[in-house]
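In terms of the UniProt record's numbering, the sequence shown opens at residue 1 and continues consecutively. Cβ coordinates follow ideal geometry from the N, Cα and C atoms, glycine included. Keep in mind that this is a model prediction, so the values were computed, not measured. Data block below; observations after.
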Amino acid sequence: MRITHLTATPYRVPRRSVMTSALGEQHWSEYGLVRLGLEDGTEGIGEISLIWHGDGARLCTLVDDLVAPVVVGADVFEYTRIVGAVRRAFEFGRHSQTAVAAVEMAVLDAQGKLLGRPVVDLLGGRSLDRVRLSMSLSIAAARECVREAAGYVDAGFTAVKVKAHRDADHLVATVAALRKEFGDDLGIRVDLNMACVTAKEAVRTIRRLEGYDVLSVEQPLHPDDHDGLALVRERTDAPVMVDESVWTPEDARAVLARGAADFINVYVAESGGIRPARLIAEMAALHHVGIAIGSMPETGAGTSAAAHLAFSLPRLEHPSDVAGWLYHADDVVSTDLEIADGHLLPPTRPGLGIDVDEERLERHAI
Numbered sequence: 001m002r003i004t005h006l007t008a009t010p011y012r013v014p015r016r017s018v019m020t021s022a023l024g025e026q027h028w029s030e031y032g033l034v035r036l037g038l039e040d041g042t043e044g045i046g047e048i049s050l051i052w053h054g055d056g057a058r059l060c061t062l063v064d065d066l067v068a069p070v071v072v073g074a075d076v077f078e079y080t081r082i083v084g085a086v087r088r089a090f091e092f093g094r095h096s097q098t099a100v101a102a103v104e105m106a107v108l109d110a111q112g113k114l115l116g117r118p119v120v121d122l123l124g125g126r127s128l129d130r131v132r133l134s135m136s137l138s139i140a141a142a143r144e145c146v147r148e149a150a151g152y153v154d155a156g157f158t159a160v161k162v163k164a165h166r167d168a169d170h171l172v173a174t175v176a177a178l179r180k181e182f183g184d185d186l187g188i189r190v191d192l193n194m195a196c197v198t199a200k201e202a203v204r205t206i207r208r209l210e211g212y213d214v215l216s217v218e219q220p221l222h223p224d225d226h227d228g229l230a231l232v233r234e235r236t237d238a239p240v241m242v243d244e245s246v247w248t249p250e251d252a253r254a255v256l257a258r259g260a261a262d263f264i265n266v267y268v269a270e271s272g273g274i275r276p277a278r279l280i281a282e283m284a285a286l287h288h289v290g291i292a293i294g295s296m297p298e299t300g301a302g303t304s305a306a307a308h309l310a311f312s313l314p315r316l317e318h319p320s321d322v323a324g325w326l327y328h329a330d331d332v333v334s335t336d337l338e339i340a341d342g343h344l345l346p347p348t349r350p351g352l353g354i355d356v357d358e359e360r361l362e363r364h365a366i
């Protein structure tokens, strides 16, 4: 089945509330919706999702100008040819991985719709019955973080992620307050967001957190400091998770070879697609390293792609961020995603299980 057109539309949707992280305040998300049309009218959908404001619109232009000409005319089942052509068109930086991922999502979505099967079946089939979710807390005073976490706990969630900045005292106070308020029933993740300059500083900070039984400490050091990360693992008891250190399978190989992580936080967008992200998960499993699924956070289409990835994995023991659409006040697609008791339920509709909402896309297009 031939591809007849490929377009990308930038859009901006507001957050439900302002998220404050190491990157500053985020009031909205600027992403891109990729639409891939087939000769029989079938449409595949993908999402360009990234946290850097302004790049969504730029990448949409590049998809229209550089990618569409090399994709139109190909058979949608020629996955290797299509993705290879897209990668060659985007040989100028890591941020373009998110656009490659969006086209790959659209290809798999179209394939699944043609076959009448969910994308998870194209990845080997569903292995899990549900996926435990965690929700990220905005950087704020400890009492405000407790209040935000209480809302998630009341909604059934059993894990949260605490975002950190350079103030270790503030971080420890927040984690202590959460543990005191919710006891052992709440899983607490900590994301240091590269806040530590040296391995010595990271070790000192993490040791202060170990008494609160945190599930993991994410990216304490610069992404390229594999030696430092390995040293932190050796000298602390809390599991070390890498995030910014791993975008691609090549990155994963370097981290795994150095023994620099207990967990890898894998993103569909950063990996360049669902299948590359799954390859990273498979590589990690061979080294007995765990996996979590990360989030930009995406809106509905990107979250659906992450969901199909998550349910295809043999094991996913760490709470994951497959809930990006919940952080947004609106969307440009409808999905079949459902949550029960803080867990994501399996998607079942053909493809990624999403449909474009034309009215809302028009409202949010930029």
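- Message: Do THR98 and SER134 have their beta-carbon atoms positioned less than 8 Å apart in this structure?
- Response: As a working note, residue 134 is residue 134 in the sequence shown. As a working note, residue 98 is residue 98 in the sequence shown. Result no, Cβ atoms of SER134 and THR98 do not sit closer than 8 Å.
- Message: Relative to the C-alpha of ASP129, which candidate in SER312, GLU362, ASP355 has its C-alpha closest?
- Response: As a position in the sequence shown, residue 129 is number 129, starting the count at 1. If we check each option's Cα against that of ASP129, SER312 comes out closest.
- Message: To the nearest angstrom, how far is the alpha carbon of TYR11 from that of ARG189?
- Response: Looking up residue 11 in the sequence shown gives position 11. Looking up residue 189 in the sequence shown gives position 189. Taking the straight line joining both Cα atoms gives about 31 Å.
- Give me the Cα-Cα distance between MET296 and THR236, rounded to the nearest whole angstrom. Within the sequence shown, the letter at position 296 stands for residue 296. Within the sequence shown, the letter at position 236 stands for residue 236. Those two C-alpha atoms are separated by around 28 Å.
- Query: Whole beta strand (DSSP E) runs in the stretch 9-90 with 3 or more residues, listed along the chain?
  - Reply: 24-38, 43-48
- Taking one C-beta from the stretch 300-316 and one from the stretch 109-120 each time, how about it: are there three or more such pairs within less than 8 Å? yes
- Under the assumption that VAL76 contacts ILE3 (Cβ atoms under 8 Å), give the Cβ distance between them as a whole number of angstroms. The residue given as residue 76 occupies position 76 in the sequence shown. The residue given as residue 3 occupies position 3 in the sequence shown. So it is a contact: roughly 6 Å between Cβ atoms.
- The beta strand (DSSP E) spanning ILE354 covers which residue range? Counted from its first residue, the sequence shown places residue 354 at position 354. Start and end: 354-356.
- Task: Inspect the CB distances between the stretch 31-38 and the stretch 278-290 and report whether three or more fall short of 8 Å.
- Result: no
- Which stretch, first to last residue, makes up the beta strand (DSSP E) that contains ILE188? Here residue 188 is taken as the residue at index 188 of the sequence shown, counted from 1. Here the beta strand (DSSP E) through ILE188 covers 187-191.
- Query: Using DSSP with H/G/I as helix, E/B as strand and the rest coil, what is ALA365?
  - Reply: Working through the sequence shown from its first residue, we reach residue 365 at position 365. Looking at ALA365 - three-state DSSP - the assignment turns out to be strand.
- Any contact of the stretch 318-325 with the stretch 79-91, i.e. 3+ C-beta pairs under 8 Å? no
- Task: Give the DSSP bridge partners of LEU218, in chain order.
- Result: Within the sequence shown, the letter at position 218 stands for residue 218. The residue you asked about is not Leu; residue 218 is Glu in the sequence shown. Per DSSP, ASP191, MET241.
- Task: From the DSSP output, read off the bridge partner residues of ARG132.
- Result: Indexing the sequence shown from 1 puts residue 132 at position 132. Paired residues: HIS343.
- Secondary structure of LEU137, DSSP reduced to three states: Walking along the sequence shown from the start, residue 137 turns up at place 137. Correct three-state label for LEU137: strand.
- Item | Same chain, Cβ closer than 7 Å to ARG278, neighbours up to 5 away in sequence not counted | For the purposes of this step, residue 278 is identified with residue 278 of the sequence shown, where counting begins at 1. LEU123, LEU309, SER312.
- Query: Out of ALA254, ARG253, TRP247, which has the shortest C-alpha to C-alpha gap to GLY273?
  - Reply: Translated into positions along the sequence shown, residue 273 becomes position 273. For GLY273, the nearest C-alpha among the options comes from TRP247.
- Tell me where the beta strand (DSSP E) around SER334 begins and ends. Within the sequence shown, the letter at position 334 stands for residue 334. Run containing SER334: 333-335, per the beta strand (DSSP E) assignment.
- With DSSP run on the structure shown, which of helix, strand or coil describes HIS5? The residue labelled residue 5 in the question sits at position 5 within the sequence shown. Strand.
- Task: Could you pull out every residue in the same chain whose Cβ sits closer than 6 Å to the Cβ of ARG179, ignoring the five residues on either side in sequence?
- Result: One-based indexing of the sequence shown puts residue 179 at position 179. So the qualifying residues of the chain are TYR212.
- Is it buried or exposed for ALA142, if we count other Cβ within 10 angstroms and need 16 for buried? Taking the first residue of the sequence shown as position 1, residue 142 is located at position 142. ALA142 is buried by the Cβ-count criterion.
- Task: Assign ARG132 to buried or exposed, taking buried as 16 or more other Cβ atoms, counted over all protein chains shown, within 10 Å of its Cβ.
- Result: Looking up residue 132 in the sequence shown gives position 132. So ARG132 ends up on the buried side.
- Helix, strand or coil for GLY324 per DSSP? Taking the sequence shown and counting its residues from 1, one reaches residue 324 at position 324. Of the three classes helix, strand and coil, the one that applies to GLY324 here is helix, per DSSP.
- Message: With a threshold of 7 Å on Cβ separation, who are the neighbours of TRP28 within its own chain once the five nearest residues in sequence on each side are excluded?
- Response: The residue labelled residue 28 in the question sits at position 28 within the sequence shown. Same-chain partners within the cutoff: ARG12, VAL13, PRO14, ARG15.
- Item | Rounded separation between LEU186 and VAL160 - CA only | If you number the sequence shown from 1, residue 186 lands on position 186. If you number the sequence shown from 1, residue 160 lands on position 160. Computed Cα separation, rounded: 7 Å.
- Message: According to DSSP, is VAL160 part of a helix, a strand, or is it coil?
- Response: Residue 160 sits at position 160 when you count from the first residue of the sequence shown. Of the three classes helix, strand and coil, the one that applies to VAL160 here is strand, per DSSP.
- Look at the Cβ atom of VAL217, then the Cβ atom of LEU229, and state whether they are nearer than 8 Å. The count along the sequence shown starts at 1 and reaches residue 217 at position 217. The count along the sequence shown starts at 1 and reaches residue 229 at position 229. Taking 8 Å as the Cβ cut-off, VAL217 and LEU229 do not qualify as a contacting pair.
- Between ASP109 and the rest of its own chain, which residues show a CB-CB distance below 6 Å, the 5 nearest in sequence each way excluded? For the purposes of this step, residue 109 is identified with residue 109 of the sequence shown, where counting begins at 1. Here the set comprises GLY44, ILE45, GLY351, LEU352.
- Query: Do the CB positions of LEU231 and ALA199 come within less than 8 Å of each other?
  - Reply: Taking the sequence shown and counting its residues from 1, one reaches residue 231 at position 231. Taking the sequence shown and counting its residues from 1, one reaches residue 199 at position 199. A contact, by the Cβ cut-off of 8 Å.
- Which same chain residues, not among the five before or five after THR303, have their C-beta less than 8 Å away from its C-beta? Looking up residue 303 in the sequence shown gives position 303. So the list reads SER295, PRO297, VAL322, ALA323, GLY324, TRP325, THR335, LEU337, once near-sequence residues are dropped.
- May I have the straight-line CA-CA distance separating SER245 from ALA102, to the nearest angstrom? Mapped onto the sequence shown, residue 245 falls at position 245. Mapped onto the sequence shown, residue 102 falls at position 102. So the alpha carbons of these two residues sit roughly 21 Å apart.
- Out of curiosity, what's the CA-to-CA distance linking ALA257 and GLU362? Position 257 of the sequence shown, counting from 1, holds the residue named residue 257. Position 362 of the sequence shown, counting from 1, holds the residue named residue 362. Computed Cα separation, rounded: 47 Å.
- Apart from the five residues on each side of it in sequence, which residues of its chain come closer than 8 Å, Cβ to Cβ, to GLY112? In the sequence shown, residue 112 corresponds to position 112, counting from 1. Hits under 8 Å: PRO118, VAL119, ASP121, LEU122, PRO350, GLY351, LEU352.
- Item | Length of the line joining the Cα atoms of GLN26 and SER138 | Your numbering for residue 26 matches position 26 in the sequence shown. Your numbering for residue 138 matches position 138 in the sequence shown. Their backbone Cα atoms lie some 10 Å apart in a straight line.
- Query: If you count every other CB in all the chains shown that lies within 10 Å of the CB of residue 369, and 16 or more means buried, which is it?
  - Reply: No answer is possible for residue 369: it lies beyond the span of the chain, which begins at 1 and ends at 366.
- With DSSP as the reference, label VAL197 as helix, strand or coil. Locating residue 197 in the sequence shown gives position 197, where the first residue counts as 1. Here VAL197 sits in coil by DSSP.
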